[in-house]
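What follows is a short report on a single structure.
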Amino acid sequence: MIIASYLSDDIKEFLTRQGIQLPSVSFQPLLFDYLSFCRSINVKTLNTITSIGSSLAYNQFLLQQEFYCLFMKKFPELKCLDMNLIKHQIFYIPEAKNRLESLCELKCDTSIDPSYFYGLASICQYIQRLIIVNVVPKPNSGIAKLIEVQKNLKYFEWTDDFEIDYFTDDPYKETFLELEKKAGFLNHLILFFLHVNNSDYATMQRLLPKLHNIKTLKTNEFDFIDERNILDTLVYKDLEILNIDYLSIGETSIIIENSGGHLKEVSLKPLDYLHDLDNFSYESLIFICKIYENCPLIEYLSLALMPSKNHFIEFEKLLQVCQNLKSLLLITSNSYIFETEEEILENRKEILKILIKSAPINLREIRFFDEFNVSLEVLEEFFEKWRGRPALSILTSNSIYKEEDYKNLIDKYKNNGVIKSFKCESEEYVEDMN
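In UniProt numbering, the protein residues as written are 1 to 434.
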């Protein structure tokens with residue numbers, strides 16, 4: 001073990017007396033000063049390494065402590081710290097201040113005692129990336145304090161990961177009140193909330209309009225924005241990635257219209273597209289227009305496409321304008337519109353014709369959500385006319401393409417280099433563009 005070779009003879013002797021088995025170390029000097037190249041610590045990985053020397057928790061604790069002291073002495077700086085499962089207050093190590101001052105990225109969870117975060121807050125004030133997993137849904141004043149002292153926080157990620165559906169003390173309020181004060185610095189905000197009955201999202205309603213420099217906005221929960229006057233305040237001129245669940249396409253159109261023309265990804269869940277069917281035909285048409293009017297740089301797009309002449313015309317215009325498009329998720333579910341089987345197949349054939357005629361040269365992937373099926377003849381015609389373009393990857397949730405005739409046809413065009421891959425997956429997999 002290279003790390004153990006750095007320990008002094010006195011430390012090795014002390015650890016051995018405790019019953020810790022250290023690997024035998026060659027007397028040959030190391031070819032490189034390996035620790036001088038290290039700038040990150042992953043506590044979970046370190047815990048795994050130290051468990052090799054002893055199965056006793058106390059012995060592992062001692063060995064970890066010596067390793068942390070070693071890192072604080074030998075690392076030129078510390079850029080990344082994943083402190084999940086940490087047991088040591090490393091900020092008390094004499095050399096820690098000089099190392100932790102340079103910390104740029106911190107990963108942690110809410111089970112960690114607030115005192116750890118207080119200690120870090122006294123030293124680390126230039127963290128740029130803060131990633132938190134909420135495993136204990138109760139307030140953590142230490143996390144709030146750590147956010148409060150930050151002077152350059154650019155990236156904030158919060159993921160709920162607990163199993164209760166009700167809590168007495170709001171685990172979000174204190175943390176997000178401090179985050180609200182840093183909103184103007186944030187470039188990236190990623191939030192995954194569990195649906196809890198007594199959640200109070202007032203803080204979120206104040207936070208979102210203040211994200212003036214946001215480039216990435218991802219969240220599975222947008223129910224806290226339910227008023228048009230709040231939506232109108234979400235002006236994100238630098239926005240590049242918009243990935244939101246539980247947001248209608250009408251609401252999304254407002255955000256897109258208020259963006260600054262830099263959007264590269266607009267991804268919404270198809271089932272949420274279809275959640276509110278009032279004026280859906282009109283709103284989906286407006287959405288297509290807003291994309292090609294405001295998103296010339298779009299690369300990843302989920303798009304609801306209604307079976308109408310106007311929708312097809314605007315869809316073709318979108319393909320012609322958005323030349324950077326790489327991946328397209330098409331939602332063609334129309335269960336609430338009466339169509340004969342013949343009309344359904346004809347409309348799907350028309351979609352493929354439009355793709356052949358106008359798809360940008362950069363398009364490499366098409367995801368067909370829901371029961372998008374076409375005949376063998378139509379599929380072969382599509383493949384044949386795609387020939388000469390970059391190989392295409394197709395994802396669908398329709399099991400018809402697992403049938404022998406379809407598999408043989410797909411394999412033929414895979415071998416010809418027309419199709420890169422053709423997968424039949426679950427709807428959840430098809431809709432996930434991350």
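Heads up, the beta-carbon is just placed ideally off N, CA and C, and yes, glycines get one too.
Of all alpha-carbon atoms in Leu-130, Pro-76, Glu-425 and Phe-91, the one lying nearest the alpha-carbon of Tyr-116 is that of Phe-91. In this structure, Leu-268 keeps its C-beta atom at 7 Å or more from the C-beta atom of Ile-298. The distance from the Cβ of Gln-18 to that of Asn-59 is about 6 Å, consistent with a contact at the 8 Å cut-off. Residue pairing by DSSP puts Ile-366 in a beta bridge opposite Leu-328 and Ile-394. Annotation: the region 136 to 176 contains the following complete segments of the alpha helix (DSSP H) (minimum length 4 residues), in chain order: 141 to 148. In the DSSP annotation of this structure, the continuous segment of the alpha helix (DSSP H) that includes Cys-289 starts and ends at 280 to 294. Between Lys-154 and the set Leu-186, Arg-99, Phe-176 and Lys-173, the nearest pair of CA atoms involves Leu-186. Counting only runs that start and end inside the region 58 to 88, the beta strand (DSSP E) elements of at least 3 residues fall at 80 to 82. Cβ atoms of Gly-184 and Lys-210 come within 8 Å of each other, at about 6 Å. Beta-carbon to beta-carbon, Asp-165 and Phe-193 are separated by about 13 Å, too far to satisfy the 8 Å threshold. About 7 Å separates the CB atoms of Phe-176 and Met-204; that is less than 8 Å, so the two are in contact. An exposed status is given to Thr-16, since fewer than 16 other beta-carbon atoms sit within 10 Å of its beta-carbon.
Between Glu-257 and Lys-290, the C-beta spacing is below 7 Å.
If the five residues before and after Asn-243 are omitted, its C-beta is found closer than 6 Å to the C-beta atoms of Lys-218 and Ser-267, all from its own chain and listed in chain order.
Here Ile-288 is not near Leu-328, since their CB atoms are 7 Å or more apart.
Around the Cβ of Asp-113, a 10 Å sphere holds fewer than 16 other Cβ atoms; the residue is exposed. Residue environment: Asn-140 is assigned as buried (16 or more neighbouring CB atoms within 10 Å of its CB, all protein chains considered). At the C-beta level, Phe-383 and Val-418 come within 7 Å of one another. Burial is judged here by how many other beta carbons sit within 10 angstroms of a residue's own beta carbon; Ala-304 has at least 16 and is buried. From the listed residues Pro-296, Asp-405 and Asn-84, the smallest Cα separation to Pro-360 is found for Pro-296. By the neighbour-count criterion, in which 16 or more other beta carbons inside 10 Å mark a residue as buried, Lys-138 falls on the exposed side. The Cβ-Cβ distance between Tyr-300 and Leu-318 does not fall below 7 Å. Looking at Leu-100, Glu-240, Ile-241 and Leu-231, the one whose alpha-carbon comes closest to that of Ser-253 is Leu-231.
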